[in-house]
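If you read the sequence shown in the numbering used here, its first letter stands for residue 357, the second for the next number, and so on.
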Amino acid sequence: MTAAGLTTLAVFAVVATITPGGATTLATASGAHFGFRRSIPLMAGIAVGLATMAAAAAAGLGGLVLAAPALRLTFQLGGTVYLLWLAIRTARSGSPGNGSAAARPFGFLSGVWMLWHNPKGWAMTVAAAASFASLTSQPTLLAGALGAAFGLAAAASLTLWCLAGLVLARVLRTERQWTTLNIVLALLLVASIVPIWTAN
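What follows is the structure, given as structure tokens:
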């Protein structure tokens, strides 16, 4: 593996993970409602989920998921239902400390579950595996490189989005403002369902 190739992979992973989507929306919502420390398990779950997905894609599992129609449909349906449930829960949250707000943040397994049921994520990591296959002739090394790149990039990106949520928490004052934020975040989660059904 060359330094130039690894740098290109790192840039690809950062761009892929920092763009808005379901994971970044959840990190923002969690940061706003629960603070950074209590959001760490969710962010860690998402980062580990993406890292293991990228490693699995490099090992060939991603191609199997995308190539098998029944398996792909199962993932699409599971991901859609889960994101809709997250959106409803987010929309119904009040301000932090309000009795209508969720009592605790989403945990580690929620993050992993969301990532592994997202065909868009599989398509992205399979594309990355194909694009960077020339980095090494050893599949295990490629899996390790992709897993590390996507896991670290996701951790950094989610941290930034979670901190944005902390900023929002300091700006919002009224229950109406929190309701508006929660609805916007819920709609973003719903919008993140579209790529699940349109990803090639």
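The C-beta atom is built at its ideal place from N, Cα and C for all residues, glycine as well.
Roughly how many angstroms lie between the CA atoms of residue i and residue j, to the nearest whole one?
i	j	result
A547	L541	10 Å
G387	M409	24 Å
L545	L497	34 Å
A486	Q533	45 Å
V367	A447	34 Å
T525	G463	Just to set this straight, residue 525 is Ala in the shown sequence, not Thr. Those two C-alpha atoms are separated by around 20 Å.
P425	L508	31 Å
T554	T381	20 Å
Could you give the first and the last residue of the continuous alpha helix (DSSP H) run that contains residue i?
i	result
S395	378–415
F431	425–447
G521	495–527
S487	475–487
R532	531–547
L362	359–374
Classify residue i: buried if its beta carbon has 16 or more other beta carbons within 10 angstroms, exposed otherwise.
i	result
S395	buried
G477	buried
I444	exposed
T536	exposed
L442	buried
Item to check | Stretch pair the segment 424–437 + the segment 514–530: three plus CB contacts closer than 8 Å | outcome: no
Checklist entry - When the Cβ atoms of the segment 464–483 are set against those of the segment 398–407, are three or more pairs found closer than 8 Å? => result yes
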